[in-house]
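Undergrad: Before I ask anything, let me first share the structure, which is written out below as C-alpha cells.
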Amino acid sequence: MTKPDPDKLKGPGGLALRPVHAQVKLSTSRDRLARVQKRSPQAISLGRW
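Dropping the structure here:
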C-alpha cells in the first residue's frame, strides 16, 4: 500500500494538504506568540495583591 501524495490530496476549500499544513503552522506560532506577550510578569504581580 502506498501513501497518498499530500500535494494531490484536497482539504477544506479545495486546497492541497501541504498549503493547509503551512497555514496551520503559521497561525499556531502566531497564536503562541500572542499568548506569551499577553501574559506579562508585571500583570501577574499586580493581580496578586
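Going by my numbering, the first residue of the sequence shown is number -6, and it counts up by one from there. All residues carry an ideal CB built from backbone N, CA and C; glycine is no exception.
1) Provide the residue(s) that pair with residue 9 in DSSP beta bridges, ordered along the chain.
2) Could you tell me the distance, in whole angstroms, from the CA atom of residue 6 to the CA atom of residue 13?
3) By DSSP, does residue -5 sit in helix, in strand, or in coil?
4) Please identify the residue among 1, 15 and 16 whose C-alpha is closest to the C-alpha of residue 9.
5) How about residue -3 and residue 11: do their beta carbons lie closer than 7 Å?
TA: Quick answer:
1) Counting from one through the sequence shown, the residue named residue 9 turns up at place 16. Answer is 3.
2) Translated into the one-based positions of the sequence shown, residue 6 becomes position 13. Translated into the one-based positions of the sequence shown, residue 13 becomes position 20. The straight-line gap from Cα to Cα measures roughly 10 Å.
3) Position 2 of the sequence shown, counted from the start, is the residue given in the question as residue -5. In the structure shown, residue -5 adopts coil according to DSSP, grouped into three states.
4) The residue given as residue 9 occupies position 16 in the sequence shown. Of all alpha-carbon atoms in 1, 15 and 16, the one lying nearest the alpha-carbon of residue 9 is that of 1.
5) Translated into the one-based positions of the sequence shown, residue -3 becomes position 4. Translated into the one-based positions of the sequence shown, residue 11 becomes position 18. Between residue -3 and residue 11, the C-beta spacing is not below 7 Å.
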